[in-house]
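Structure, as structure tokens:
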Ligand SMILES: Cc1ncc(COP(=O)(O)O)c(C=O)c1O
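Residue numbers (my numbering): 25 to 425.
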């Protein structure tokens with residue numbers, strides 16, 4: 025990959041003006057659009073017209089601006105925005121897989137995705153193999169004649185394993201299958217499409233919007249795939265209809281323009297926290313620590329200047345200890361006891377009992393997810409030293425250190 029690739033520059037270089045020369049693109053709050061000629065309407069339904077809009081479940085100009093910006097950031101040909109990250113994931117998978125198909129996924133994956141793959145896809149006779157994505161031989165072994173897709177998260181939720189996107193892309197290519205990557209934990213830090221992924225999905229709800237004021241998602245990929253998703257006859261996104269509201273879309277686009285600044289600060293703060301907690305002898309996972317098993321691999325694939333991201337985990341070993349610490353940290357103002365991530369304040373939750381509760385406990389233990397694991401999304405704190413002091417105060421009070 026090009027070591028000087030800068031996704032922020034790609035966004036900065038975009039020129040998207042409002043109708044009257046506004047510095048922000050105008051918001052198109054119309055569900056339907058007029059045509060001067062009925063023939064143009066017919067052609068638009070057939071997908072033969074460029075630049076015409078027919079109905080906002082299909083395309084809306086505001087959504088197009090956000091999709092364009094995300095495609096630029098990812099260096100994909102095109103993108104589509106959805107009403108949630110789950111809609112991006114489920115629509116993409118349903119578009120690609122038919123009854124009788126098989127897909128391979130990292131067993132460590134967001135609980136909602138895990139539940140969809142394990143509990144929902146069997147209804148459509150689509151089978152799924154759950155593998156340790158860091159073990160490439162396991163991935164190879166799982167491939168069957170009917171495998172369509174390898175699915176993973178760049179940085180997995182919640183164990184923060186790193187998926188070797190280049191190697192997985194090579195495996196996918198060798199077998200003529202596709203690689204789909206959820207890059208929600210590492211926008212700008214990693215560019216999966218540049219590393220060989222065919223489809224990149226996002227929960228925009230997280231770092232990209234960064235305000236926790238809405239739920240949204242995105243699918244970035246080749247023109248053919250985005251066209252297929254939005255096809256009026258058999259496009260999954262068009263027919264299942266999880267369209268993003270244009271008002272939300274315009275808000276997310278504005279927040280996208282500050283993503284690079286925020287990601288750097290999230291990364292800087294998380295590294296400080298991770299180092300500080302590790303020095304206390306605690307069990308910390310953070311991709312920026314040399315003790316992370318894939319630290320060197322991660323470093324070799326990241327875009328320069330954005331750090332290792334805002335996510336870290338602290339294993340308190342038991343749920344009781346995790347709960348005590350989280351209760352106290354909230355009381356001391358370290359952040360909020362809440363799920364989700366990428367917010368300007370620090371958020372923490374016990375993964376096994378919240379965002380991974382869909383994963384059966386025996387599977388949690390098998391994959392190495394401890395019942396006491398606290399996942400932190402480290403915020404944009406201006407004084408992270410003070411925040412670490414507060415965490416240390418809580419740990420001392422609870423006689424953990
Ligand atoms: C990695 C990851 N992907 C996807 C999702 C789902 O996104 P949304 O809540 O926007 O549907 C989440 C939600 O937590 C997530 O953590």
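All C-beta atoms, glycine included, are put in the ideal place defined by N, C-alpha and C.
Please read all numbers here as calculations on a predicted model, not as lab measurements.
Quick check: what's the CA-CA separation for residue i versus residue j?
| i | j | result |
| --- | --- | --- |
| residue 388 | residue 52 | 45 Å |
| residue 279 | residue 169 | 43 Å |
| residue 238 | residue 77 | 25 Å |
| residue 321 | residue 365 | 24 Å |
| residue 95 | residue 149 | 32 Å |
| residue 356 | residue 418 | 8 Å |
| residue 422 | residue 346 | 11 Å |
| residue 248 | residue 112 | 16 Å |
| residue 108 | residue 122 | 23 Å |
| residue 43 | residue 50 | 6 Å |
| residue 314 | residue 362 | 28 Å |
| residue 86 | residue 273 | 6 Å |
| residue 275 | residue 209 | 20 Å |
| residue 25 | residue 61 | With a pLDDT of 49 at residue 25, under the threshold of 50, the modelled position of this residue cannot be trusted; read the value that follows with caution. Their Cα atoms are separated by approximately 47 Å. |
| residue 420 | residue 412 | 12 Å |
| residue 298 | residue 376 | 20 Å |
| residue 33 | residue 256 | 34 Å |
| residue 406 | residue 335 | 17 Å |
| residue 416 | residue 398 | 15 Å |
| residue 290 | residue 403 | 6 Å |
| residue 353 | residue 138 | 29 Å |
| residue 254 | residue 223 | 15 Å |
| residue 162 | residue 117 | 21 Å |
| residue 295 | residue 372 | 16 Å |
| residue 390 | residue 104 | 36 Å |
| residue 228 | residue 186 | 20 Å |
| residue 202 | residue 190 | 13 Å |
| residue 385 | residue 89 | 42 Å |
| residue 145 | residue 31 | 34 Å |
| residue 410 | residue 358 | 9 Å |
| residue 261 | residue 425 | 51 Å |
Is any heavy atom of ligand 1 found at a distance shorter than 8 Å from the C-beta of residue i?
| i | result |
| --- | --- |
| residue 181 | yes |
| residue 113 | yes |
| residue 235 | no |
| residue 21 | One cannot answer for residue 21 here, as it falls past the ends of the chain, which runs 25 to 425. |
| residue 382 | no |
| residue 269 | no |
| residue 239 | yes |
| residue 8 | The first residue shown for the chain is 25 and the last is 425, placing residue 8 beyond what the model contains. |
| residue 134 | yes |
| residue 105 | no |
| residue 192 | no |
| residue 413 | no |
| residue 186 | no |
| residue 209 | yes |
| residue 98 | no |
Could you tell me if residue i is buried or exposed, where buried requires 16 or more neighbouring beta carbons within 10 angstroms of its beta carbon?
| i | result |
| --- | --- |
| residue 218 | buried |
| residue 41 | exposed |
| residue 231 | buried |
| residue 140 | buried |
| residue 100 | buried |
| residue 182 | buried |
| residue 492 | Since the displayed the chain opens at 25 and closes at 425, residue 492 lies outside it and no answer follows. |
| residue 155 | buried |
| residue 120 | buried |
Between residue i and residue j, which are expected to be in contact by the criterion C-beta below 8 Å, what is the C-beta distance as a whole number of angstroms?
| i | j | result |
| --- | --- | --- |
| residue 396 | residue 343 | 6 Å |
| residue 115 | residue 106 | 7 Å |
| residue 293 | residue 213 | Contact flag wrong, Cβ pair sits at about 14 Å. |
| residue 241 | residue 110 | 7 Å |
Less than 8 Å separating the Cβ of residue i from some heavy atom of ligand 2?
| i | result |
| --- | --- |
| residue 260 | As far as ligands go, the structure on display features ligand 1 and does not contain ligand 2. |
Query raised in the report: Which full runs of the beta strand (DSSP E) of 3+ residues lie inside the region 58 to 109, going along the chain?
Result: Note on the region 58 to 109: whole beta strand (DSSP E) runs with a minimum of 3 residues are 102 to 106, in chain order.
Query - alpha helix (DSSP H) segments (min. 4 residues) lying fully within the region 280 to 346 - result: Runs found: 283 to 303, 319 to 325.
**Report entry** Length at least 4, wholly inside the region 151 to 232: the alpha helix (DSSP H) runs in chain order
**Finding:** List check, alpha helix (DSSP H) in window: 160 to 166, 189 to 198.
**Report entry** beta strand (DSSP E) runs contained entirely in the region 248 to 273, provided each spans 3 or more residues
**Finding:** If only complete runs of 3 or more residues are kept, the region 248 to 273 shows no beta strand (DSSP E) anywhere.
Query raised in the report: Which ranges would you report for the beta strand (DSSP E) in the region 342 to 398 if only whole runs of at least 3 residues count?
Result: Qualifying beta strand (DSSP E) stretches, in chain order: 371 to 374.
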